[in-house]
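K.L.:
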Amino acid sequence: MIRIEQISKIFTATDGRRIAALDAFSLTIKPGSLVVLMGPNGSGKTTLFKVLDGQLSPDSGSVVWNVSPESATSATSPIPCIRHVPQEPLELAFPGMTLAEHMLFVELASRRPRFWTRGVTKARLDKYRAILEEYGVRNLAQSVTGPLRSQSVGWQQIFIVLLSALAKHLAEKVEPGTDLLLLDEPTSSLDEENAGLCLDLVRRLHREGRTVILATHDVDIALRLAERVCVLRRGRLVADIAGVDLSATTPEGLASIVAGARHPL
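Positions 16 to 280 (this note's numbering) are the ones given, in order, by the sequence shown.
Shown next as structure tokens:
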């Protein structure tokens, strides 16, 4: 479980104004959830992701991981393996590296350095192509020896999202149930067909046991995908919709909440 408790993060603008990107923000997320974050630009979604993945330290408040009766009595409660896919995927990748080299990095990340000398062998290329084919991204499988920067931004996003799944197939050790996947507008650069493919990947990653938090401006995606929709405005949680309430929410109603016409909380 992730318990976010009264997180605040203040930035100073060039004119000296202090801007609260997060303002006493609190949220509890159960493991294995699929939560969609919504809100206008500047509402705090990306800042929250950067706090969760450790890029930013909050000015106040805390994030408590794995809060459960079992972990509360454990001295070795595991911290989730956090995978953050930003809107600009090359921020966390190496554009000159091939797709296969990125996959090799995932495969060997938990091994001793001597394994790196083996490189991308033909056997590995065949294995990587097979995995990409299994996930339905044939064009990536065919381009596995090409550099990541040769792909469109949308396909870069899909590949980086997919890398989050590859540890299960490639790495020596994968802790079950500890993956947290943070996706910041993963479909923003995709056409309708490829956006559907990306969302299918997200659903599959979720079914495989990952906790997924996805930020989007698209109300249709939110209502099709989410088990729970949390709406932020000015760094605060202003709506938390789940269960029968989410089932009864229309696209127009959700758009109204996000735009600020209604304040459910």
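A virtual CB, placed ideally from N, CA and C, is assigned to each residue, including glycine. In this text the structure is predicted, and so the values were computed from the model without any measurement.
#1: List the whole-angstrom C-beta distance separating Lys60 from Leu269, where the pair is believed to meet the contact cut-off of C-beta under 8 Å.
#2: Would you kindly work out how many angstroms separate the C-alpha atoms of Val159 and Thr231, rounded to a whole number?
#3: List the endpoints of the continuous alpha helix (DSSP H) containing Lys24.
#4: Taking only runs of the alpha helix (DSSP H) that begin and end inside the stretch 42-72, which ones reach a length of at least 4 residues, in chain order?
#5: Identify the continuous beta strand (DSSP E) that holds Gly76 and give its terminal residues.
#6: Could you give the first and the last residue of the continuous alpha helix (DSSP H) run that contains Leu123?
#7: Identify the continuous alpha helix (DSSP H) that holds Asp194 and give its terminal residues.
#8: Per DSSP, what are the beta-bridge partners of Asp255 in this structure?
#9: Could you tell me which residues DSSP puts in a beta bridge with Leu229?
#10: Cutting at 7 Å between CB atoms, please list the residues of its own chain near Pro110, excluding the five before and the five after it.
#11: Could you pull out every residue in the same chain whose Cβ sits closer than 7 Å to the Cβ of Phe26, ignoring the five residues on either side in sequence?
#12: Report the CB separation of Thr226 from Ile44 in whole angstroms; it is logged as a contact under 8 Å.
#13: With 16 other CB atoms within 10 Å as the buried threshold, where does Lys24 fall?
#14: Closer than 8 Å by C-beta to Glu322: which residues in its own chain qualify, once you throw out the five before and the five after it? Chain order, please.
#15: What residue range is occupied by the uninterrupted beta strand (DSSP E) comprising Val100?
#16: Give the straight-line distance between the Cα atoms of Arg98 and Leu197, rounded to the nearest whole angstrom.
#17: Give every residue of the same chain whose Cβ lies closer than 8 Å to the Cβ of Val100, excluding the five residues on either side of it in the sequence, and list them in chain order.
#18: To the nearest angstrom, how far is it from the Cα of Leu181 to the Cα of Arg218?
#19: Leaving out the 5 sequence neighbours to the left and right, which residues in its chain are closer than 8 Å to Gln21 when beta-carbon positions are compared?
P.N.:
By the coordinates alone:
#1: Actually they are not in contact, since the Cβ atoms of Lys60 and Leu269 sit about 15 Å apart, beyond 8 Å.
#2: 29 Å
#3: Not the alpha helix (DSSP H): Lys24 falls in the beta strand (DSSP E), residues 17-27.
#4: 60-67
#5: 75-80
#6: 114-123
#7: Taken as a continuous stretch (DSSP letters only), Asp194 belongs to no alpha helix (DSSP H), being part of the beta strand (DSSP E) at 194-199.
#8: Cys245
#9: Val51, Leu198
#10: Pro162, Leu163, Arg164
#11: Ile34, Ala36
#12: 7 Å
#13: buried
#14: In the structure as shown, the chain starts at 16 and stops at 280, and residue 322 therefore has no counterpart that could be examined.
#15: 96-100
#16: 6 Å
#17: Leu107, Gln172, Ile175, Val176, Ser179, Leu196, Leu197, Leu198, Asp199, Pro201
#18: 15 Å
#19: Ala39, Phe40, Ser41, Ser75, Gly76, Ser77
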